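**Q**
What follows is the structure, encoded as structure tokens:
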């Protein structure tokens with residue numbers, strides 16, 4: 157059964173809510189970010205934060221689905237807005253946004 161997952165894209169003071177099916181590849185989220193924030197897919201790296209710190213994270217594989225990456229209807233509900241994406245400069249390897257989520261970041 158296919159489920160709808162919900163994410164919050166955060167870049168500095170911009171907050172954009174989006175949704176994707178759990179069968180969608182991680183690359184689809186990158187395309188959504190590209191369309192909304194005008195950040196090319198090739199300049200994005202998505203990671204899933206593993207705890208409350210901003211240093212313990214796992215990079216997501218573009219070819220894996222959101223479900224294979226650990227996202228479910230239990231941790232990506234509309235009401236919870238549990239997953240947030242945030243811009244982070246991969247060239248500088250430093251976080252450029254102070255609004256970081258514990259689940260998913262865009263670096």
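Residue numbers (the numbering used here): 157 to 263. No residue lacks a Cβ here, since even glycine has one placed at the ideal position from N, Cα and C. Just so you know, these numbers come straight off a predicted model, no measurement behind them.
Comparing the C-beta of residue 177 with each C-beta of chain B, is any distance below 8 Å?
**A** No chain B is part of this structure, which consists of one protein chain only.
**Q** Along the chain, which unbroken stretches of the alpha helix (DSSP H) at least 4 residues long are found entirely within the region 176-217?
**A** Fully enclosed alpha helix (DSSP H) runs of 4 or longer: 182-193.
**Q** Mark residue 219 as exposed unless 16 or more other C-beta atoms lie within 10 angstroms of its C-beta, in which case mark it buried.
**A** By one-based count along the chain shown, residue 219 stands at place 63. By the neighbour-count rule (16 or more Cβ atoms within 10 Å), residue 219 is not buried but exposed.
**Q** Excluding sequence positions up to five away, which residues of its chain have a Cβ less than 6 Å from the Cβ of residue 247?
**A** For the purposes of this step, residue 247 is taken as residue 91 along the chain shown, with counting starting at 1. The predicted position of residue 247 is uncertain, since its pLDDT is 43 and thus under 50; a value taken from the coordinates is nonetheless stated next. Nothing listed; no residue qualifies.
**Q** Going along the chain, which residues of its own chain have a beta-carbon closer than 8 Å to the beta-carbon of residue 187, five neighbours each way excluded?
**A** Residue mapping note: residue 187 aligns to position 31 of the chain shown, counting from 1. Result list for residue 187: 197, in chain order.
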